[in-house]
Each structure stands twice: as C-alpha cells, then as structure tokens.
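Numbering (our numbering), first residue to last: 11 to 805.
Right, here's the structure in full:
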C-alpha cells in the first residue's frame, strides 16, 4: 500500500503530523487516539456532582427502584390500615411576664424579651406536677382508660385475635398523669407570647377535655405559685429584719464603747491637726536641709582656696581695696627699681607697705572663711532640730491613725447594717402590698374545639412518606450495587478507566450469522463504522498492521478481527488475517478451514509464509494464516525474529495485516507480540470485562510500550445503555452498492498492486519459489504467492 499522502481517501499530511505524540498522547482526525506512556488508571479524576452519571444509574436500575418503591407503598398502606386513628385538640394560651412591685408601690410588667422566662414556663407546662393537676381537673382517674391496640402481628393477618393488654397495677392517679404526659405536646409560637398545648387521644371528646384542662390548670398553678412565693418572701424577710436589728444594736454599742476607751471623738479634726503639724515640720526640714547643703558647699570651696580667686573673696569690699593698694605699690616699686636699688630707703619703705597689705589680706580671707563655717554649722544644727520635730509629729500622727482604724471599722459596720435594715423594711412593705394584688399573667386565647377528624394517621402524608422512603431506599440500593459492580458496561466507563478513545461500539446480537448476512443490520453497520474510524486512526491513515487483543478470553476479539477483515476486503483492500493465539486458536473453526499448517509451523521453520496462507472466498477474498498446531512454547515463538520478519514481509505484500492476538490475562504472549505489530486495538466486552482485569491488562501493555490507538466496546446492549442516542438495529433507506457508505470508489493502491502482480507474472516462477518447496511437484503458483516469496527473500 502506498503512502497516505497519495491516497485521496485520507487527510493530506502536514508539516507537523497530527499523529505525532505530544505529552504521551496522539491526536488524530478522529478525536483523541493513542495511549499515554504513563497513564493513571482508576477512574475519572474529575470531581464534583455529575447529574448525568446519577441519572444513568437510575435508568439502569429503574426496575429495582420501581420494585422497592411499590413495595414501600404497599407496606405503608397496609400499616396505615392497621394503625388506629387518634384525635388532637389544641388550646392556645398567652403568657405575659410577671408583674413586679417597684420602690414606690407601682405595678410594672417584667422584661417581655426574657427568653429564660418563656423557657421556664415551657418546662413547667411539661412537668409531672402539671400533668397531675390536669388529670385531676379532667377527671382522668375516674374515667376508664381506653384499651390500646396491642400492635400489628402476623396472626392478625390470618384471622387471629390480638392479645388484650394486661391491666395496669399502678394507682389510677399515676395512670392518669402518665396518660396526660404521653399525649400532650407543647409548642411555642415564635416571635410571640403564645403557646399551643395539644393533647392526642383515641377519643376526640377526651382530647378536647384534657386540652382545656391544661389551660385551666396552668392558670391555677401560676396563681398558687405566686401566693406561695409571696408568703414565703414575707416570712423570710421578717426573719432577716429581726436578725439585722439585733446586729445593728450590737454594732452601735461596740462603736461607742471603743470611742470611750480610746477617748476618740467622732470627728476628723484631730487627725487633720496632727497631719498638718507633720506636713509643716516636713516642709521646714526640707528647707533647712537645702540651706545646710548650700552653706556646706560654699564653706568647703572657701576653705580649699589657696589664692584670692573665688567669687566669695573677690566680692568683698575690703579685699578689693587692699588689692588695689597693693597693686599701686607694686607698680610704684617696679617703676623706681630702675633708678634705685632694693636697699634704697624709699624702696625698702614701699616693700614694707606691700608686706603689710599682704598680711591684712590674709587676715581678711581668714575672717571670711570663719564666717562661712559658722553659717554651715548653724544650718546643720537647725536641720538636726527639725529632724527631731518631724520624728515626733510622725509618731503622733501614726498613733492617731492606728486608733482611728478600729473606730472606722466599727463605724462602717454600723452604717452597713443600718442600710440593710432599711432596705429589708422597704422590701417587706412591697411584698405586703404585692400579696394583696391578684394580677394573673396567663390567659386562655383559644379554647380547644372538638376535633373534626383524626390527626394520625393521615393517608396522604403516610403514603407520601412511604413513597419518599421507597425512592430513597431504591436509589440508595441502586447506587450501592453500582459501586459494587466492577464490570464495564458503557464506553464512558471504559474511557475513564483506560484514558483511551472508543473507536467503535459493537451491539450484542442473538445470531451473528443472521446479522452479518444482512448489510443493513446493526452489527454490520457497527463494524463499518469501526473500519471508517480505523482509517482515520493515525496521521498516515489506516495502519499497515493491527493487533487485536483483550484482557480476558471470550470478549469478541476473534470475531471482531474476522468481521473487520471482511469489511476492509469488501472495500477492495488485500487483507491478511493471522491467528496468533497459539494457546486457544478459534479463527479456523469460524472459517471451517484446516489448521494443520499455520503460524506455528512457520515460526519453527517448518514452512514458508506462502505455504501457511490460505485464501478464503473468491469474490472478496480474505487471506488467512491459521495458528497451526498449538506449541508448548508459544511465548518464545511469538517473541522470535521470524515473527518480526513475517509481519514485515506481509505488510509489504498486503494492504492490511490483522493479527488476532491472545488475551493479556497475565501471559507474556501479547506484550511480546506488540514488538512485531506496532499498532494495537483493545477489545472490551460490555457487561463482561471486569475493571481490575482491564486496568491490569492496560498496565502490562503500557510497561511494554505498546501503541494502543483505542478500544472497541463489544457485546453492548443498546436497550440498557442507549448512551449514543440511538439503538442499534436500524437500517438506512438506501443501498450500500456503488460508492455507498464504507466503500471506496477509487482504489489507486489496488491498481498499483495489480500492476506489480502483473509484473511478477511475467517473471520466472522458479526464481521466486522458496527452496523449501523444491521437492514438491512443480506447478504454477498464484501471483500473490510469488509476491510473498519475493518480499520474504528481499528482507
């Protein structure tokens, strides 16, 4: 077969072929084909809610869901007939917040938004005490309790009698309260102060009587509770007032006794005087201390001075005059020293005057130092005296405060006790006033009416619940069975598990012979569609060699090989069908051909390819190579070089070579066979192939680097799936002759092959016959035998 670029039936090639593998996956003219080098098996990776998937499950299991739903409805209706009717009466009451007495005797309502108060009232309505009050008002103890049905039993269905309940040995009062608690229901109305109290009973009259008794009992209970609480409050307050009065008297007596003992006056003047004296002495001490520090620093500076250079000395008037006189004499002495000598009388007189001035300066400095020292000593003495005074006033103040602390404690005790006493007196007066006010905060809004019909069971609601329960149970069971089902049923499941594109879907038929004989049957149409898809499977068009395999045996692999070969032969292609299943061959049985010489003979060098190939049919022939005798070492033969040579030779001779390979199922035959046949088609049987087997087989083929172009779903029941939007079994209104669907009108490849065959016919037959056939009788071989032999020798 020539290159795809010369075939007008196939898409023209481009610079970057569409069949080129990008990221481990090839894209062809027919969707996505090819197989990723490192796929991830295990189902659809997309998350989220898939409505179509759940709808598919429901449609698939609709009979099961319908059966469970109908059963639930039947059981629900039977149960409805067996349940005795009961009646419900409802009384509505209004509960306002309790009235409270404020300080001036006014009556105000409490906090209407208090949720705790309303919750308390609801609990009181459901208490056992309230049930006893209702039973007493409704006279439940006197009225006989109606017999309750013993319940449903199988004996009742077959005419048996129900057992009568055993009379209760409990007191009738307890029985009446228990019946009230068992039949009452309290429901607050949201956003209001209204409460609905319902009672359910087999007798409508008693239901009405008990419901009305609830409103009356709750009003009486509320009034009794208020009277009891007021009486208790008065008793409690009276006792507390007496105790506080005694405590107040004792506290006042203790305070007076302590004041007399310590000679304290209930005034803070004495404390203020002591504190004021202490503050004045502390302030004077701080001033004296600062003055002493100042004088001490000045005295130390003057005492340490060796020259007249301090401000304290320079600012003295006497020292300033003496220094001026000395300076004049020194200048005069210096002026006359240029004329007279030091012993000159005038010079000696000046010198003696300077010495006298120096003596006077020294005496004046000594006097100044003595005055600074005296000032320092005086400030020091004053500071010490003030310290003594501060110490004395501090002690006096602390002693006064210490004695006042105990007095203040006793005084506060008296004040506190007096406040509590006055508050309790006021509260006692308020309670006394409140006890005489008969304000009721509970009102009956709507009295209970006689029920017009049973409240339970309601047929519509009962059947609706049964219907919903049946649907939920049916859908849940269907979903569970779907999850437990590990068999592939649809092409979507196969694609999600394998990441492969579905090349075709083959319907499940009753008779293959009848369907294949009819060109308009669903089976014929499905295989024509598959052949068309195979022609678009790669960028080069139809592959030269195709290997068909499956995960397990019995999935329609051999039949698919045979029918695909017939379809391509009907299109005018030269097709070779090889049965490479050397463990369980079946194609020779379907074709009713001899299996004595075949593939195993050639692989063991027992014959040539031409001797192993048989021609099936005359008008649209198929060339067939059977498996031959089944060998014990099939894996070694399939993995040999002779197998690769056979595929290489036959692909040069024939337009298409279809190899029926063995199933994968853990054997080594198929992975070895994929080294010779580069293109593989995987067969999956709907309703038969299990998901773990499919995943395991694809994983093994992936590890063998197999080029799987897609999968074919066989044995698909269109009545169950209808996933393609139509059912198989239809027929077109026109014929399949001429250039009909699935046929090729112009076949340049066929013309080229005929030309080559004619050229071989003109050559010498002896030059193209294999030496292995030299011993056989000489006869003219057919042209296709010459071509196979010639190609085999050239390879």
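Where is the CB? At the ideal position from N, CA and C, for every residue including glycine.
Where the alpha helix (DSSP H) containing residue i begins and where it ends
i, result
"residue 76", "72-92"
"residue 3", "Any answer about residue 3 is impossible in this case: the structure gives the chain only from 11 up to 805."
"residue 150", "Run containing residue 150: none; DSSP gives neither H nor E here."
"residue 659", "651-663"
"residue 104", "From DSSP, residue 104 is part of no alpha helix (DSSP H) but of the beta strand (DSSP E) over 97-105."
"residue 543", "532-545"
"residue 677", "That residue, residue 677, is in no alpha helix (DSSP H); it is neither H nor E in DSSP."
"residue 725", "Per DSSP, residue 725 belongs to no alpha helix (DSSP H); it is in the beta strand (DSSP E), 718-726."
"residue 574", "567-580"
"residue 131", "125-135"
"residue 644", "644-648"
"residue 601", "597-601"
Residues near residue i in its chain [Cβ-Cβ closer than 8 Å; skip 5 each side]
i, result
"residue 214", "97, 99, 460 and 461"
"residue 492", "67, 70 and 71"
"residue 203", "104, 105, 106, 122 and 128"
"residue 652", "612, 613 and 615"
Own chain residues within Cβ distance below 7 Å of residue i, not counting five before or after
i, result
"residue 469", "90"
"residue 389", "298, 301, 302 and 305"
"residue 144", "190, 220, 223, 224 and 227"
"residue 501", "512, 515, 723 and 733"
Closest Cα partner of residue i within the set the options
i, options, result
"residue 150", "674, 190 and 135", "190"
"residue 83", "59, 475, 360 and 138", "475"
"residue 581", "336, 506, 473 and 542", "542"
"residue 623", "347, 614, 193 and 607", "607"
"residue 235", "672, 140 and 95", "140"
"residue 293", "194, 396 and 456", "396"
"residue 626", "504, 586, 208 and 407", "586"
"residue 340", "362, 547 and 679", "362"
"residue 226", "337, 398 and 451", "451"
"residue 593", "546, 642, 552 and 565", "642"
"residue 647", "634, 269, 352 and 686", "686"
"residue 696", "472, 662, 503 and 271", "503"
"residue 432", "584, 570, 250 and 347", "250"
"residue 705", "551, 404, 507 and 192", "507"
"residue 258", "94, 429, 330 and 377", "429"
Same chain, Cβ closer than 6 Å to residue i, neighbours up to 5 away in sequence not counted
i, result
"residue 675", "562"
"residue 808", "An answer regarding residue 808 cannot be provided, because it is not within the stretch 11 to 805 covered by the chain."
"residue 787", "Here residue 787 scores only 39 on pLDDT, less than 50, and its place in the model should not be relied on; the value that follows carries that caveat. If we look at residue 787 and ignore the five residues flanking it on each side, it has no Cβ neighbours."
"residue 649", "682"
"residue 333", "none"
"residue 808", "In the structure as shown, the chain starts at 11 and stops at 805, and residue 808 therefore has no counterpart that could be examined."
"residue 424", "261, 262 and 265"
Coil, strand or helix - residue i by DSSP
i, result
"residue 637", "coil"
"residue 467", "coil"
"residue 685", "coil"
"residue 700", "strand"
"residue 752", "Bear in mind that a pLDDT of 35 at residue 752, under 50, signals an unreliable position, so the number given afterwards is only what the model happens to contain. Three-state DSSP puts residue 752 in coil, outside helix and strand."
"residue 190", "helix"
"residue 59", "coil"
"residue 291", "helix"
"residue 8", "This structure cannot speak to residue 8, because the chain is shown only from 11 to 805."
"residue 479", "helix"
"residue 347", "coil"
"residue 484", "helix"
"residue 618", "coil"
"residue 551", "strand"
"residue 607", "coil"
"residue 498", "coil"
Endpoints, beta strand (DSSP E) assigned at residue i
i, result
"residue 194", "194-198"
"residue 624", "623-626"
"residue 669", "666-670"
"residue 455", "452-456"
"residue 559", "555-560"
"residue 513", "512-517"
"residue 694", "690-695"
"residue 585", "585-589"
"residue 210", "204-211"
Any chain D beta carbon closer than 8 Å to residue i
i, result
"residue 214", "Checking the listed chains, one finds no chain D in this structure; it contains a single protein chain."
Q: Could you tell me which uninterrupted alpha helix (DSSP H) segments, each at least 4 residues in length, are contained entirely in the segment 338-387, listed from first to last along the chain?
A: Taking only runs of at least 4 residues, no alpha helix (DSSP H) segment lies wholly in the segment 338-387.
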